[in-house]
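Data block below; observations after.
There are 2 protein chains.
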Amino acid sequence: MNFDRILPYARQLLERVVDKGDVVVDATVGNGHDTLYLAQLVGEHGRVYGFDIQQEAIDETASKLEEHHLRNRVMLFQEGHELADQAIPPVHHGAISGAIFNLGYLPGGDETLVTRPRTTITAVEKLLDMIKPGGMIVMVIYHGHPEGAVERDYLLRFVQTIDGETAHVLRYQFMNTQTPSPFIIAIEKRSLRN
Amino acid sequence: MNFDRILPYARQLLERVVDKGDVVVDATVGNGHDTLYLAQLVGEHGRVYGFDIQQEAIDETASKLEEHHLRNRVMLFQEGHELADQAIPPVHHGAISGAIFNLGYLPGGDETLVTRPRTTITAVEKLLDMIKPGGMIVMVIYHGHPEGAVERDYLLRFVQTIDGETAHVLRYQFMNTQTPSPFIIAIEKRSLRN
Chain Y
1 MNFDRILPYA RQLLERVVDK GDVVVDATVG NGHDTLYLAQ LVGEHGRVYG
51 FDIQQEAIDE TASKLEEHHL RNRVMLFQEG HELADQAIPP VHHGAISGAI
101 FNLGYLPGGD ETLVTRPRTT ITAVEKLLDM IKPGGMIVMV IYHGHPEGAV
151 ERDYLLRFVQ TIDGETAHVL RYQFMNTQTP SPFIIAIEKR SLRN
Chain X
1 MNFDRILPYA RQLLERVVDK GDVVVDATVG NGHDTLYLAQ LVGEHGRVYG
51 FDIQQEAIDE TASKLEEHHL RNRVMLFQEG HELADQAIPP VHHGAISGAI
101 FNLGYLPGGD ETLVTRPRTT ITAVEKLLDM IKPGGMIVMV IYHGHPEGAV
151 ERDYLLRFVQ TIDGETAHVL RYQFMNTQTP SPFIIAIEKR SLRN
């Protein structure tokens, strides 16, 4: 396929704005794949803040990071991402260059534990305040489960209300998949110049 | 902005599949910008087929191509794109690598002369038959005018019905523009391998 697939495109977008030494956020740690990826991306002087409400996700991610000797680049919080502004030290508010959300449930985990529109939108609003101009929030939206479809619709309505002077919002989605496949909504905070 | 803007992204997608010497289609010649671009893209051994129902568009495009000494790479038809299968010689059926549609009205022209969903969808179906595996149809959809919004909705419904075994369909759209800004739907015909 000549189109970029969803997960590689999500990472490609982040890589346009995240440099070595940056501060980034994994708002939904889950199985830790993206946390590990972000830890590698920001390098030895970078910092990753990771959030997940499930002990299982935090533990698995911590082990994965330890295996790769990258545990010290990552601060993990077993808390909802809607508390990001309290968990992330003030010195890093305004310094974050990238954040990623995987919205849905933990693959292989408890399918009744899903992200919820109210807390997701609160987290996105807070992170949009906390990222630096030119920074990006990338959301990968899994909407195959019933709550996922509801969350998707809330999010689509919400992002349309983001002031165009504040941020650009991009949707990247395959249209003719047999089952609802994940898609991307990405938000880039505008700098004064663009 | 770190996101690719709509028109550059439309061209970037086409450039992934169109090589020198290829056969391509400008389904909506309009002011000839894309026709000229395609003529340059396919090089001296390539061929562009261009369609527009308006004499004004055909004349302006012919002049523009002549100015650039590229008139001989392009065959212009003052006909609707839904007749593409009759206008394009059979030898090139199955050989087309790229096609572009700009859906809406001719900028600066008669705003009552707009593309229509029925003929647009017929043209897309025929071109999807006529492009080669791995080839791409890129549609830039202007939906700020009332008929444009109707056409957009027909097209969105139509592309969702394209069999996933036949083609991939991608949507690329900015979500929070103050006025409806153009967006992309791109269709890549699958080859046996992907």
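The listed protein sequences correspond, in order, to chains Y and X.
Take the first sequence: its letters are residues 1 to 194, numbered as in the UniProt record's numbering.
Take the second sequence: its letters are residues 1 to 194, numbered as in the UniProt record's numbering.
No residue lacks a Cβ here, since even glycine has one placed at the ideal position from N, Cα and C.
Note that the structure is a prediction, hence the values are computed from the model and not measured.
Local Cβ density within 10 Å of residue i, reported as buried at 16 or more and exposed below that
i                      : result
Y/L13                  : buried
X/T191                 : First, the residue type needs correcting, since residue 191 of chain X is Ser and not Thr in the sequence shown. X/S191 is exposed by the Cβ-count criterion.
X/P89                  : exposed
Y/R47                  : buried
X/N176                 : buried
X/T161                 : exposed
X/H69                  : exposed
X/K189                 : buried
Y/G98                  : buried
Y/E66                  : exposed
X/H143                 : buried
X/D153                 : exposed
residue 282 of chain X : Only positions 1 to 194 of chain X appear in the structure, and residue 282 of chain X is not among them; the question remains open.
X/G21                  : exposed
X/P163                 : The identity of residue 163 of chain X in the sequence shown is Asp, whereas the question assumes Pro. Answer is exposed; the Cβ neighbour count stays below 16.
Y/E44                  : exposed
X/D34                  : buried
Of the residues the options, the one placed nearest residue i, counting alpha carbons only
i                      : options                        : result
Y/A10                  : Y/D52, Y/N102, Y/G144, Y/S97   : Y/N102
Y/F158                 : Y/V169, Y/G148, Y/F183         : Y/V169
X/D4                   : X/H145, X/T177, X/V140, X/Y172 : X/Y172
X/H81                  : X/P8, X/I141, X/F51            : X/F51
residue 195 of chain Y : Y/E15, Y/G164, Y/A27           : This structure cannot settle anything about residue 195 of chain Y, because the visible part of chain Y is limited to 1 through 194.
Y/P182                 : Y/L155, Y/V150, Y/G104         : Y/G104
Y/A167                 : Y/N72, Y/A62, Y/G135, Y/H69    : Y/G135
Y/V29                  : Y/I185, Y/D22, Y/F174, Y/K64   : Y/K64
Y/I184                 : X/F174, X/E125, X/E66          : X/F174
X/R116                 : X/E147, X/R73, X/V17, X/G94    : X/E147
residue 221 of chain Y : X/P180, X/E165, X/Q178         : Residue 221 of chain Y falls outside the range modelled here, since chain Y spans only 1 to 194, and no answer is possible.
Y/T112                 : Y/D129, Y/E125, Y/V42, Y/H145  : Y/H145
X/V23                  : X/E56, X/D34, X/V74            : X/V74
X/V42                  : X/F77, X/M139, X/V17, X/D163   : X/V17
X/V114                 : X/A149, X/H92, X/L36           : X/A149
X/M130                 : X/H92, X/T122, X/E151, X/V140  : X/H92
Y/L76                  : Y/A39, Y/E44, Y/H45            : Y/A39
X/A87                  : X/E56, X/T120, X/K126          : X/K126
Y/T120                 : Y/P133, Y/L83, Y/N31, Y/G32    : Y/L83
Neighbour flag for residue i against chain Y, beta carbons, 9 Å
i      : result
X/F101 : no
X/L13  : yes
X/M130 : no
X/R152 : no
X/V17  : yes
X/V159 : yes
X/L156 : yes
X/M136 : yes
Chain X within 9 Å of residue i, Cβ atoms only
i                      : result
Y/V169                 : yes
Y/Q78                  : no
Y/R190                 : yes
Y/T177                 : yes
Y/A186                 : yes
Y/T120                 : no
residue 203 of chain Y : The structure shown does not extend to residue 203 of chain Y, since chain Y is modelled only from 1 to 194, so the question has no answer here.
Y/D163                 : yes
Y/Y49                  : no
Y/Y172                 : yes
Local conformation of residue i per DSSP, three classes
i      : result
X/S63  : helix
X/V29  : coil
Y/V18  : coil
X/A95  : coil
X/L170 : strand
Y/F183 : strand
X/I121 : helix
Y/P133 : strand
X/H81  : helix
X/E147 : helix
X/I6   : helix
X/Q12  : helix
One or two residues paired with residue i in a DSSP bridge
i      : result
X/Y49  : X/V25, X/M75
Y/V102 : Residue identity differs from the one stated: residue 102 of chain Y is Asn in this sequence, not Val. Answer is Y/V140, bridged to Y/N102.
X/E56  : For X/E56, which the question treats as bridged, DSSP gives no partner whatsoever.
Y/E188 : Y/M136, Y/H168
Check: residue i C-beta below 8 Å from any heavy atom of the ligand SAM
i     : result
X/V29 : Ligands are entirely absent from the displayed structure, and the ligand SAM is therefore not among its contents.
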